[in-house]
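Working notes for the structure below.
Protein chains: 2
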Amino acid sequence: MALPEFELESFLPYRLNRAAEFIALRFAAQYKARYQLTRPEWRTLAALGSSGRSMTATEIGVHSSMHKTKVSRAVFGLEQRRWLKREEDGRDRRLEHLALTPAGLSAYGELTELARAYQAELSTTLGADNMKALSKGLRAVERAIVRSAGYARPSKI
Amino acid sequence: MALPEFELESFLPYRLNRAAEFIALRFAAQYKARYQLTRPEWRTLAALGSSGRSMTATEIGVHSSMHKTKVSRAVFGLEQRRWLKREEDGRDRRLEHLALTPAGLSAYGELTELARAYQAELSTTLGADNMKALSKGLRAVERAIVRSAGYARPSKI
DNA sequence: AATAGATAGTTACGATTGTAACTAATATGT
DNA sequence: ACATATTAGTTACAATCGTAACTATCTATT
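Residue numbers (this note's numbering), protein chains in the order written: chain A, 1 to 157; chain B, 1001 to 1157.
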């Protein structure tokens, strides 16, 4: 009569969600307080800044697993701050190439300082080899994401 | 003049968020289609079902890293389906002990079947030892969550 | 060249969310 | 014992989000 065992504590989606929420919140508090940035705005800024090149909105969405309307609004927000500018593609006028302005780049630089500090703090808290293990596991998930983006419709991510 | 390096690809909050979002979405599609459950409702049901005992709303929130208003609404939703009942604490009348009804338990049983299947699929996709690594890393984060809940205000999580 | 289908991105709108304020109860300090 | 602070949980409200529909453009088929 006993139910077959199920340990929520070992169920990956639940654990990942919980961990992500916990880890993200503390960092979000910093850039929110300092720059009034929303999470999608920070993620968009980070995607652009880290890539070191211009990207389309769709690319940003795939890269960060954000819904396209989220990206669209984040881009609009960053544009209003003049941290980002759009440039129309010459050949395909549906595409917009998004790039950080000097002001955007400088904000990105300051934010990466915070990020670096937070990452260092995490490394101390979690321990170096737990970080390594986490990183290895995440890399496997990332490969799965890339693979599935290849087959399936990216807009559904 | 070059900015100090920052690799978004190695920044834990970003990576965790992306992975969690990706992994959770596929599973959410299943319980949404099958039971019209929301994510907070599933997480609440799972926390209760898996613990095998009654819990308070606050305990559920800490356990699942969900905001207390999210928990409050999820509890209300599950109560309306008659999957959960509340019982007042005799000594402290602010507390409500939440427990699954037989119907709730049976739904939980069916959902854990889906969960188990999904976990198995993930294990195949990611590979057993990547799962192990991920699990080890998550366990470290979980310890950090527990520690911080001890000191800091849990309502802020 | 014309039509149908696909894709990039935006937006209207209903649903979901978090903040802050609230109620009700308990705990604490004097 | 009384005032004050704290805690559990709910709710009003404004902000945010995702679905679906939309515009504009491009690609493929005939």
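Glycine included, C-beta positions come from ideal geometry on N, C-alpha and C.
Opposing strand residues paired with residue i [DSSP bridges]
{"i": "LYS1068 (chain B)", "result": "None, per the DSSP bridge assignment."}
{"i": "MET55 (chain A)", "result": "A:LEU98"}
Pick from the options that is closest to residue i, judged by C-alpha positions
{"i": "SER1148 (chain B)", "options": "B:GLU1088, B:HIS1063, B:ALA1033", "result": "B:HIS1063"}
{"i": "GLN30 (chain A)", "options": "A:LEU8, A:ALA115, A:SER51", "result": "A:ALA115"}
{"i": "LEU111 (chain A)", "options": "A:ARG18, A:THR38, A:ALA46, A:GLU21", "result": "A:ALA46"}
{"i": "ALA1057 (chain B)", "options": "B:SER1050, B:THR1069, B:GLY1049", "result": "B:THR1069"}
{"i": "PRO40 (chain A)", "options": "A:ARG18, A:PHE6, A:GLY77", "result": "A:GLY77"}
{"i": "GLU59 (chain A)", "options": "A:ALA99, A:PRO13, A:GLY109, A:LEU16", "result": "A:ALA99"}
{"i": "GLU1005 (chain B)", "options": "A:LEU122, A:ARG73, A:SER51, A:ASN130", "result": "A:SER51"}
{"i": "TYR1035 (chain B)", "options": "B:VAL1146, B:GLY1109, B:GLU1142, B:ALA1140", "result": "B:GLY1109"}
Presumed contact (8 Å Cβ cut-off) between residue i and residue j, rounded CB distance
{"i": "LEU1126 (chain B)", "j": "ALA144 (chain A)", "result": "6 Å"}
{"i": "VAL75 (chain A)", "j": "LEU84 (chain A)", "result": "7 Å"}
{"i": "ILE1023 (chain B)", "j": "LEU16 (chain A)", "result": "6 Å"}
Three-state secondary structure assigned by DSSP to residue i
{"i": "ARG86 (chain A)", "result": "strand"}
{"i": "GLU9 (chain A)", "result": "helix"}
{"i": "LEU138 (chain A)", "result": "helix"}
{"i": "LEU95 (chain A)", "result": "coil"}
{"i": "LEU37 (chain A)", "result": "coil"}
{"i": "GLY1077 (chain B)", "result": "helix"}
{"i": "GLY61 (chain A)", "result": "helix"}
Chain B within 8 Å of residue i, Cβ atoms only
{"i": "GLN30 (chain A)", "result": "no"}
C-beta neighbour in chain A for residue i, strict 8 Å
{"i": "LEU1098 (chain B)", "result": "no"}
{"i": "GLY1127 (chain B)", "result": "yes"}
{"i": "ALA1046 (chain B)", "result": "yes"}
{"i": "ARG1018 (chain B)", "result": "yes"}
{"i": "ARG1015 (chain B)", "result": "yes"}
{"i": "THR1112 (chain B)", "result": "yes"}
{"i": "GLU1021 (chain B)", "result": "yes"}
{"i": "ALA1140 (chain B)", "result": "yes"}
Any non-hydrogen atom of the ligand ZN closer than 7 Å to residue i Cβ
{"i": "LEU1045 (chain B)", "result": "For the ligand ZN, the structure offers nothing, since it holds no ligand at all."}
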